[in-house]
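Numbering (the UniProt record's numbering), first residue to last: 1 to 231.
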């Protein structure tokens with residue numbers, strides 16, 4: 001799920017460099033207000049045992065069970081299986097965000113719990129992403145926002161918050177395209193003005209050849225200038 005959308009894709013002012021080899025961070029507090037969190041619904045894996053709410057009790061009870069019986073109870077085995085499934089879903093989801101986000105995404109950060117078997121399992125996670133448009137460079141903004149949209153929607157099951165981030169990025173993307181069109185139109189006006197100037201010079205030489213010290217050379221130069229401006 002994506003947590004908070006800053007107007008600057010400014011709450012996400014901190015760009016995060018993505019390194020595929022960077023290890024996942026565990027239980028690290030995320031300082032950036034904008035992040036893509038694990039999108040699998042919280043209730044996709046239901047752990048009803050009281051042990052799930054108290055990792056310390058879960059660990060000690062698990063140790064007692066193993067000491068007395070040599071193996072986990074049937075209920076604990078089911079809980080471990082649920083935790084394994086949840087862990088796989090969380091990690092696949094966050095890694096999809098990070099891989100698609102490239103240089104604009106950070107490494108996944110996970111929230112873990114200890115299972116009855118004494119192992120830690122991811123039950124939630126998030127990936128920070130820099131989604132701020134690049135000021136004054138619509139072309140770079142278009143490339144960046146396209147990547148951000150792909151990162152937000154990369155998991156097989158994007159959360160509602162993931163989709164909200166993608167929607168915000170699409171809005172910013174549309175603005176970047178508008179800025180690019182305006183930039184191109186501005187360049188077209190300059191080109192048109194150059195063409196007009198070249199044409200005026202050409203017509204002036206043709207109409208008043210006596211005003212030039214070398215009419216033929218000036219005519220040739222004016223013609224070349226007009227043709228160059230028209231390209």
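Backbone N, C-alpha and C fix where the C-beta goes; we use that ideal spot for every residue, glycine too.
- If the five residues before and after residue 83 are omitted, its C-beta is found closer than 6 Å to the C-beta atoms of 115, 121, all from its own chain and listed in chain order.
- Rounded to whole angstroms, the gap between the alpha carbons of residue 185 and residue 136 is 16 Å.
- Across the structure, residue 176 and residue 139 are spaced so that their CA atoms are roughly 7 Å apart.
- When C-alpha distances from residue 107 are compared across 130, 87, 146, 75, the shortest belongs to 130.
- Unbroken beta strand (DSSP E) stretches of 3 residues or longer found wholly inside the stretch 98-159: 109-114, 120-128, given in chain order.
- Inter-residue distance for residue 103 and residue 143 is about 12 Å (C-alpha atoms, whole angstroms).
- Put simply, the backbone Cα of residue 164 is about 41 Å away from that of residue 74.
- In this structure, residue 150 sits away from residue 96, with a CB-CB distance that is not shorter than 8 Å.
- By a beta-carbon distance limit of 8 Å, residue 86 contacts residue 123. Their separation comes to about 6 Å.
- Rounded to the nearest angstrom, the gap between the Cα atoms of residue 152 and residue 171 is 14 Å.
- The C-alpha of residue 80 lies about 12 Å from the C-alpha of residue 71.
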